[in-house]
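So the sequences go chain by chain: A and B.
In terms of the working numbering, the first sequence opens at residue 62 and continues consecutively.
In terms of the working numbering, the second sequence opens at residue 49 and continues consecutively.
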Amino acid sequence: MPLGTRHNRKRRDNSSNGVRIRKGWCGPAVVFVSLMFCPAAVAPAQPTERAPDTMEARLRACEPCHGRQGEGTNNPYFPRLAGKPAGYLMNQLVAFRDGRRRYPPMNYLLEYQSDSFLRKIADYLAALRPPPVTQTVADVSSALLARGRSLVAEGDRAHGVPPCSGCHGPKLTGMEPGIPGLVGLRANYISAQLGAFRYGTRTAADPDCMQLVAASLSESDVTAVAAWLASLPIPANPSPVPQGTLQMPLGCGSEPQ
Amino acid sequence: MRRGAAQMHRLPSLYLFAIFAFVAGVGAAWADDPTFVAKGEYLARAGDCIACHTSPGGALFAGGRPMATPFGTIYSSNITPDKETGIGAWTADQFYGAMHTGRFPDGGLIYPVMPFGSYTKVTRDDSDAIFAYLRSVPAVHQPDRSTDLRFPYNNRQLILGWRTLFFTEGEYQPDPSKSAEWNRGAYLVEGLGHCAMCHSPINALGGTSESKAFEGGLIPMQNWYAPSLTSNKEAGLGEWTIEEIVDLLRKGVSHRGAVYGPMAEVTFNNLQYLSDADIQAMAVYLKSLGQGTPPGAEVSGIPAPESSLLLSFGQTVYDTHCASCHAKDGRGMPPDYPPLADNPSIQMESSVNPVRMVLNGGFPPGTAGNPMPYGMPPFAQTLSDDEVAAVVTYIRTAWGNRGSAVSSRQANELRTAPLD
């Protein structure tokens, strides 16, 4: 059996460490007594069990905010991650690690991780297809919703705003490898991200297309787009369209063209 | 050339070239020797120069990283070989002077945020190797930022007083009664590793007295507690095996616990790259520091009825949120999910670290020895101050652990601790 297999490790742990008695005078013959009178003198036995060798077991850290399967949680500020394109997720993980996207709890968690681990995390999350969480209907006027719908599908040529669907796909499920889907996100998250692009706390590789788009949107446009996107159900096939499917209206550093 | 000659004895293959270089008036041929430069790179790792002298996302060694101190902010300096803004115009003598005496080439005083109190122990040869390496990295033209220190700390002459109190100049002197391995470990820990910068109490003057070296302390501004390396009750490693210490330092995880907070950075940037022999030597030395200090009983500041309520509430929180990884009996699934029972890091007098781990979670660093670490969730969103206090009180006192109770006020205060 090769070294380092689970069985091997188990056996080694079992054989080398039973209940160990630390202090000489608390001898093994008086384990019960020592438990009563010198509790700190008894080191716990080495467990034989290792954590499951899975990404899920490694990524418990992500659960409280993003859900166990990356499906999202009730907190509207935290996005669904499952099924987003791996390239997009990798770009975000690296941007958080390197501080190009500022959000201290994420920056802190990823600060000392390697590219190869981040790549594994991105691939893992991209492949997940958990059922959608319940969408909440945004409390906005029908006029604003209509404005959102029009911006998403057609853009606003007069103000230099391209349609979201031009890059994010006709069903808004994103495009491989670098453009995220926009469905399954809550309005608070979307408007917070548009604000972050605009004010530079979220940046991407040059040319930073979303910085340009967000800068062309008015405050009420942001509310309208966020409300409309959040109202859309996740389509039956939530997968991003393949690379090169869409003729993008503007250059983006995150998407090879 | 005296030092150059000394180096050449060890590198005979370069001897002829060096003589040629000397004759040709180039001088300091040793500085270009790739072996010597590689040695310098290794030693720069051991000294973790990169952590302070490279700002996040900035050019290697070009400085500019803000270092928050209780006295104001100091920005690290450019140590690339740029002649105007870096150390390109320095000589090896001047570089050694900075490392050894804490003075710039013009005699000016270096702020003690640069750990020259530790680097003074570095040998001349090692200093020359680091200098040779730094001369080999790309030169970056980036002027140093001036400090944002408050009055009166913006007066550099105050450093003279600090030096009188806290600085002792001198290279490491081996202890002949100890093994060569122990001495190598001591040299690395006390010198380049500058471990005492965090693992010693910092007094109100921003200094550390030598008598308290390695006794642990709260790291100013960062709000992490750097545990004592001398007390087995904290991170004293007297009761750990050498293998466990080596694993902790180099992989970032061990069967006894994991590195986190600022120590994760040290393992990530520095310790994971050290040689087997050097890590082993550091482990031998660290283990020797932790001997002969048996744990004392902890006295809690919280009244008994209140802390027993906290305990039973804490157990409920633990069973709900923690036990699936750390196990009901606190043994965890090491080294993946660290044990909490008999883990000194949980029981230290300061409860800052366990409270922050519960609030902020964290991953051990991704290292060559542990490339895909298991992460702990942040519970700041999920748990109230009362729940945090209760669960930390529980893990500090259950399973024979001997820490003290934690109040919800303490938990609340750490919610705003900086994460960077």
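Ideal placement from N, C-alpha and C gives every residue a C-beta, glycine not left out.
Count the other CB atoms, across all protein chains shown, that sit within 10 Å of the CB of residue i; report buried if there are 16 or more and exposed otherwise.
{"i": "residue 108 of chain B", "result": "exposed"}
{"i": "residue 198 of chain A", "result": "exposed"}
{"i": "residue 457 of chain B", "result": "exposed"}
{"i": "residue 91 of chain B", "result": "buried"}
{"i": "residue 208 of chain B", "result": "exposed"}
{"i": "residue 87 of chain B", "result": "buried"}
{"i": "residue 274 of chain B", "result": "buried"}
{"i": "residue 240 of chain B", "result": "buried"}
{"i": "residue 318 of chain B", "result": "buried"}
{"i": "residue 291 of chain A", "result": "buried"}
{"i": "residue 278 of chain B", "result": "buried"}
{"i": "residue 105 of chain B", "result": "exposed"}
{"i": "residue 376 of chain B", "result": "exposed"}
{"i": "residue 144 of chain B", "result": "buried"}
{"i": "residue 325 of chain B", "result": "exposed"}
{"i": "residue 173 of chain A", "result": "buried"}
{"i": "residue 291 of chain B", "result": "exposed"}
{"i": "residue 168 of chain B", "result": "buried"}
What did DSSP end up calling residue i once you bin it into helix, strand or coil?
{"i": "residue 51 of chain B", "result": "Because residue 51 of chain B carries a pLDDT of 43, less than 50, the predicted location of this residue cannot be relied on, and the following value inherits that uncertainty. Looking at residue 51 of chain B - three-state DSSP - the assignment turns out to be helix."}
{"i": "residue 245 of chain B", "result": "helix"}
{"i": "residue 418 of chain B", "result": "strand"}
{"i": "residue 462 of chain B", "result": "helix"}
{"i": "residue 389 of chain B", "result": "coil"}
{"i": "residue 468 of chain B", "result": "coil"}
{"i": "residue 240 of chain A", "result": "strand"}
{"i": "residue 272 of chain B", "result": "strand"}
{"i": "residue 125 of chain A", "result": "helix"}
{"i": "residue 159 of chain B", "result": "coil"}
{"i": "residue 301 of chain B", "result": "strand"}
{"i": "residue 2 of chain B", "result": "Since the first residue shown for chain B is 49 and the last is 468, residue 2 of chain B is missing from the structure and cannot be characterised."}
{"i": "residue 306 of chain B", "result": "strand"}
{"i": "residue 209 of chain A", "result": "helix"}
{"i": "residue 170 of chain B", "result": "coil"}
{"i": "residue 223 of chain A", "result": "coil"}
{"i": "residue 115 of chain B", "result": "strand"}
{"i": "residue 213 of chain B", "result": "helix"}
{"i": "residue 237 of chain B", "result": "helix"}
{"i": "residue 396 of chain B", "result": "coil"}
{"i": "residue 185 of chain B", "result": "coil"}
I'd like the list of long-range same chain contacts for residue i, defined as Cβ closer than 6 Å, with 5 residues on each side in sequence excluded.
{"i": "residue 182 of chain B", "result": "127"}
{"i": "residue 186 of chain B", "result": "none"}
{"i": "residue 361 of chain B", "result": "438"}
{"i": "residue 93 of chain B", "result": "318 and 321"}
{"i": "residue 247 of chain A", "result": "137 and 291"}
{"i": "residue 244 of chain A", "result": "233, 293 and 295"}
{"i": "residue 123 of chain A", "result": "none"}
With distance defined between alpha-carbon atoms, name the residue in the options nearest to residue i.
{"i": "residue 256 of chain A", "options": "A/275, A/228, A/174 and A/225", "result": "A/275"}
{"i": "residue 211 of chain A", "options": "A/268, A/283, A/165 and A/267", "result": "A/283"}
{"i": "residue 147 of chain B", "options": "B/220, B/87, B/197 and B/193", "result": "B/220"}
{"i": "residue 169 of chain A", "options": "A/176, A/178, A/159 and A/177", "result": "A/159"}
{"i": "residue 461 of chain B", "options": "B/441, B/98 and B/433", "result": "B/433"}
{"i": "residue 306 of chain A", "options": "A/235, A/297, A/189 and A/156", "result": "A/235"}
{"i": "residue 194 of chain A", "options": "A/207, A/121 and A/141", "result": "A/141"}
{"i": "residue 226 of chain B", "options": "B/212, B/217 and B/337", "result": "B/337"}
{"i": "residue 196 of chain B", "options": "B/288, B/369 and B/116", "result": "B/116"}
{"i": "residue 298 of chain A", "options": "A/148, A/113, A/143 and A/247", "result": "A/143"}
{"i": "residue 153 of chain B", "options": "B/135, B/166, B/160 and B/168", "result": "B/135"}
{"i": "residue 221 of chain A", "options": "A/268, A/279, A/237 and A/203", "result": "A/279"}
{"i": "residue 420 of chain B", "options": "A/209, A/215, A/202 and A/177", "result": "A/177"}
{"i": "residue 114 of chain A", "options": "B/100, B/385, B/130 and B/446", "result": "B/385"}
{"i": "residue 156 of chain B", "options": "B/142, B/169 and B/167", "result": "B/142"}
{"i": "residue 435 of chain B", "options": "B/369, B/397 and B/392", "result": "B/369"}
{"i": "residue 117 of chain A", "options": "A/183, A/148, A/147 and A/310", "result": "A/183"}
Just checking my contact of residue i with residue j at CB under 8 Å: how many whole Å lie between their CB atoms?
{"i": "residue 451 of chain B", "j": "residue 363 of chain B", "result": "Their Cβ separation, rounded to whole angstroms, is 15 Å, which puts residue 451 of chain B and residue 363 of chain B out of contact at 8 Å."}
{"i": "residue 296 of chain B", "j": "residue 307 of chain B", "result": "6 Å"}
{"i": "residue 424 of chain B", "j": "residue 414 of chain B", "result": "Not really, about 15 Å apart at Cβ, beyond 8 Å."}
{"i": "residue 130 of chain A", "j": "residue 189 of chain A", "result": "5 Å"}
Might you give, ordered along the chain, the residues of its own chain that have their beta carbon closer than 8 Å to the beta carbon of residue i, omitting 5 neighbours on each side?
{"i": "residue 206 of chain B", "result": "200"}
{"i": "residue 327 of chain B", "result": "294, 297, 298 and 319"}
{"i": "residue 164 of chain B", "result": "146, 147, 148, 149, 150, 158 and 215"}
{"i": "residue 331 of chain B", "result": "233, 285, 290, 293, 294 and 297"}
Got a sec? Which residues, its chain only, sit under 7 Å from residue i by beta carbon, not counting five neighbours each side?
{"i": "residue 93 of chain A", "result": "Residue confidence for residue 93 of chain A is low, a pLDDT of 36 falling below 50, so the modelled location carries little weight; the figure read from the coordinates is stated next. Correct list: empty, nothing qualifies."}
{"i": "residue 463 of chain B", "result": "407 and 428"}
Please list, in chain order, the chain D residues whose beta carbon lies closer than 8 Å to that of residue i.
{"i": "residue 168 of chain A", "result": "This model lacks chain D altogether, as its protein chains are A and B."}
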